[in-house]
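>
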Amino acid sequence: MAAITAIIFGVIFFTALARQSGDFGQALWLQPSSLFFMSLTIGVFMVVINMWLGRASAKVANWVSTVVLVIAVAVQVYLAFHFVGIGNTDPALMRLQALNLANGSHHWFSYFAWYPHNVNLTIFLTWIIELFHVHSAVATGYVLNVLNFILIDFTLIMSWRLIRRYVAASSAAMFAILAASFAPFYWFALNFYVDSVAVVIPLMMVVFLNRYFSRQQPLSKAGYAALLGVTFTIGYLIKPNLLIVPIAILIYWLLAARINRTSVVRGLIGLVVFAPIWLAGVGVSHAVQSHYGYHVNQSKTLPTSAWTAMGLNQDSEGRFNEHDAQAMSGHGRKENIKATHKILSDRLQDAGVWGIIKQSYQKTMTMWSTGNLGMFQSPNQFFKQPSFYQEHKNKLQFLLVNLTQIVYITVLGAMLIGSVFEMLSPRRNQVLFYELIVLGIYGMHMLFWTVDAHYAYVTFPFLFMMAATGLHDISDLLQQFFAHPAYGERGRTWTGIVTLLIFAIGLGYADHHNRQPLVATPVVQTQTVSSQMVSNYAQHDAIKLTPHHSLSEKIVAKRPFSQLNLPDVASQSENFSVGLRMNRQTVYQWSSLDVDAGTANTLQDPGTYTLRITNRTNQPLYIPATASPYLPLSTHAISGHPHRYLLYHVLNVFNTPIISSKQYQLLFISFAILAIISSLGLEYWPNPDWKEPKLD
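Per numbering that gives the first Met the number 0, numbering of the sequence shown is gapless, rising by one per residue and ending at 695.
1. Cβ of Gln429 within 8 angstroms of Cβ of Leu161?
2. DSSP three-state label for His640, please.
3. Is it true that the CB of Gly42 sits closer than 8 angstroms to the CB of Gly370?
4. Secondary structure at Asn614, three-state DSSP: helix, strand or coil?
5. Does the distance from the C-beta atom of Met203 to that of Ile48 stay below 8 angstroms?
6. List the endpoints of the continuous beta strand (DSSP E) containing Pro623.
7. Return yes when the Cβ of Lys299 is within less than 8 angstroms of the Cβ of Ile534, no when it is not.
8. By a C-beta neighbour count over all protein chains shown, 10 Å radius and 16 as the cutoff for buried, is Ile6 buried or exposed?
9. Quick one: residues in its chain with C-beta nearer than 6 angstroms to the C-beta of Asn617, no 5 flanking neighbours on either side, listed in chain order?
10. Kindly identify the DSSP beta-bridge partner or partners of Thr498.
11. Do the CB positions of Lys362 and Met465 come within less than 8 angstroms of each other?
12. Where does Asn102 fall in DSSP's three states?
13. Which residues mark the beginning and the end of the alpha helix (DSSP H) in which Lys383 is found?
14. What separation, rounded to the nearest whole angstrom, lies between the Cα atoms of Gly597 and Gly53?
15. Using a 10 Å radius around the Cβ and a threshold of 16 neighbouring Cβ atoms, would you call Leu694 buried or exposed?
16. Using the Cβ count rule (16 or more neighbours within 10 Å means buried), how would you classify Glu316?
17. Residues bridged to Tyr608 by DSSP?
18. Distance check for Leu29 and Gln479, CA to CA, integer angstroms please.
19. Note down, in chain order, each residue of its chain lying with its Cβ closer than 6 angstroms to the Cβ of Gly292, except the 5 sequence neighbours on either side.
20. Please report how far the alpha carbon of Ile622 lies from the alpha carbon of Pro566, in whole angstroms.
21. Hey, Leu92 and Gln404 are a contact pair by Cβ (cut 8 angstroms); roughly how many whole angstroms apart?
22. Specify, as a first and last residue, the run of the beta strand (DSSP E) that Ala541 falls within.
23. Grouping DSSP H, G and I as helix and E and B as strand, with all else coil, what is Ser109?
24. Under the assumption that Ile356 contacts Ala15 (Cβ atoms under 8 angstroms), give the Cβ distance between them as a whole number of angstroms.
25. With a 10 Å radius around its C-beta and 16 neighbouring C-beta atoms as the bar for buried, classify Phe387 as buried or exposed.
26. Can you pull the DSSP bridge partners for Arg260?
27. Could you round the C-beta distance between Thr520 and Pro656 to whole angstroms and report it? I think they count as a contact, below 8 angstroms.
28. Skipping 5 residues on each side, what residues in its chain have a beta carbon closer than 7 angstroms to that of Tyr433?
29. Go to Ser659, then tell me how far its alpha helix (DSSP H) extends in each direction, as first and last residue.
30. Can you tell me whether DSSP reads Gln30 as helix, strand or coil?
31. Less than 8 angstroms between the CB atoms is what I'm expecting for Asn651 and Ser529, so what's the real figure, rounded?
32. Give the straight-line distance between the Cα atoms of His642 and Tyr211, rounded to the nearest whole angstrom.
33. Across which residues does DSSP place Tyr587 in a beta bridge pair?
34. Given that a residue counts as buried once 16 or more other Cβ atoms are within 10 Å of its Cβ, and exposed if not, what is Ala73?
35. Suppose contacts are defined by Cβ-Cβ distances below 8 angstroms. Is Ala197 in contact with Ile237 by that definition?
36. From which residue to which residue does the alpha helix (DSSP H) around Leu311 run?
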């Protein structure tokens, strides 16, 4: 398992370093040389801190962990009450559906025919809305942000305790530092969706599994088997790919446990307790869904193998594809299955063995190459955010994306080294279990499912735990070298000098490659001025527009802008004319293909505008709209159509370097300081006999 983990995550390490997925809009990646040397700087710094904590008492390491936790919680409190978003399409539609249910409607969007696994969390969201009586966007956002932070913190605290118990207190402190510096553990809490809720489930199962194996009394074992069953059932009903966890438990038991008559009997007893709880939970789930009016429509649902077929779509890089979904659903159950089998068979034949390998590599890059997990895709519509963030969004995202990637590469590097140590000297059954879960999620999505960056989120606590274990292995090895009599003080001195020299050359080379594109070269950047970003995807709502008639919607722009995008109108651009008016004067006017560009020649002033769309044809047309009767999606709804909203983006597009020269210098100076501290640490801190030299 360690060898397989090392091979797969060696490939992932390469993609994270040199082939990042391009999902982050205007975020400009640092060059691979910069990412490598900055990650190396942080990695060595972490090793030095780990070595220093290893020589201190466990109380010191615990205090470090506590201070890190307090700082992290303070950041979370700020974020929870200053950033409130509805998320991208999936979480937004869940929010709208939950509000409908909370207000007595039992009509379900057709979205849930394709995503039936999101039904349970939507009903749970309905209960939260009803419990706290929070129907407004901002009040609901506060509650959901806090709930997500609690779940994520609980996950990380359980991870910290496992590292402290099975590795060392110093490694637990390193885990805390790495986790606290990883932006997605904060940003994803601002988006109530299956990933941020289900992330706690695997860790709870790890804890209960440890208790199950450590207990000797049959009654106690049965109790923990029941807790495992309840925990897994909740997780499975939220995120079905957590089925990987009990499979990992079974493989772990076969590989790591002593198989004898007693262990087999105990395992069967656990299974007898576990399985009925799961089946009962599934039955209760169906009853609750039926109570809320949800019934599976077999003619509209996607066959399970449809996800495998979409995963083989090279054009969509293995992601969900709406065109594919339409072709494999909505035609009747038998027809859906027949269409799915044909698409799957054709793609397998066209791809061949080599094509499947190339597609798996592409899917690996899509899902695993970026440590930020698409955090700026969700949430992408804020009802509340600080003005400072709005004004400096591009620069802040650039810094967060790249710093997150640096931490991610550091984690991958430490994890790889830990896997090599584990491969050479197997000694930790706990690490084996983490590897099984991570490889299970990886294999499932590579072979049988679609991919997206956020699908890897539930594995990240395990990656960080394996990285903390790897840092511990590196620290132990270095301390053995430093403690060897032949190494001596001169050896430690040369280690510090050579390390500093490597950092100086590496960071200098990185500076040479980055200064021009980052500081001197103008880059096309986009600043969102106003938007309604929730599409009508799978809601299938539209407004009928008769020949030569118009509809209008007011748009408020609080800052100057230069571009207006109308994705739904652009797809039918030859049929519409579009104008944007202010004070009865037209400031934008498009027709035909110009609608797709949506670009003005001059910067427009802030103010309230009226968007007017006219049917230029002699037949009725339908304009897609998002229906939201209980949650305003923008300042104004479509005139004459309350609670219906167009999809639009009001943008300010401009050319400027991504960051200023001073900000660039500060970034590299910070890493240079870390490099100096790391080099001095390698020279002095590992030496237990070192003392401050006395002046003559």
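Ideal placement from N, C-alpha and C gives every residue a C-beta, glycine not left out.
This is what the structure holds:
1. yes
2. In the structure shown, His640 adopts extended strand secondary structure according to DSSP, grouped into three states.
3. no
4. Three-state result, Asn614: strand.
5. no
6. Leu620 to Pro623
7. Checking the sequence shown, residue 534 turns out to be Ser, not Ile. No; because the gap between Cβ atoms is not below 8 angstroms, this pair is not in contact.
8. Counting other Cβ atoms within 10 Å of its Cβ, Ile6 stays below 16 and is therefore classed as exposed.
9. Pro546
10. Per DSSP, none; premise fails for Thr498.
11. no
12. coil
13. It is not in any alpha helix (DSSP H) - Lys383 instead sits in the beta strand (DSSP E) that spans Phe381 to Lys383.
14. Because Gly597 sits at a pLDDT of 49, beneath the cut-off of 50, its placement in the model cannot be relied upon, and the following sentence gives the value as read from the coordinates. Rounded to whole angstroms, Gly597 and Gly53 show a C-alpha spacing of 60 angstroms.
15. Bear in mind that a pLDDT of 46 at Leu694, under 50, signals an unreliable position, so the model cannot answer this.
16. Looking at its Cβ environment, which holds 16 or more other Cβ atoms inside 10 Å, Glu316 is buried.
17. Ile554
18. 36 angstroms
19. His105
20. 11 angstroms
21. In fact, because the Cβ distance is near 30 angstroms, the residues do not count as touching under 8 angstroms.
22. Ala541 to Leu544
23. coil
24. The beta-carbon separation of Ile356 and Ala15, rounded to 20 angstroms, does not stay under the 8 angstroms limit for a contact.
25. Around the Cβ of Phe387, a 10 Å sphere holds fewer than 16 other Cβ atoms; the residue is exposed.
26. Beta-bridge pairing links Arg260 to no other residue.
27. 6 angstroms
28. Phe461, Met464 and Met465
29. From DSSP, Ser659 is part of no alpha helix (DSSP H); its letter is neither H nor E.
30. Gln30 carries a coil assignment under DSSP once its states are collapsed to helix, strand and coil.
31. Contact flag wrong, Cβ pair sits at about 10 angstroms.
32. C-alpha separation (whole angstroms): 52 angstroms.
33. Leu579
34. Result: exposed.
35. yes
36. Segment: none, Leu311 is in no alpha helix (DSSP H) and carries neither H nor E.
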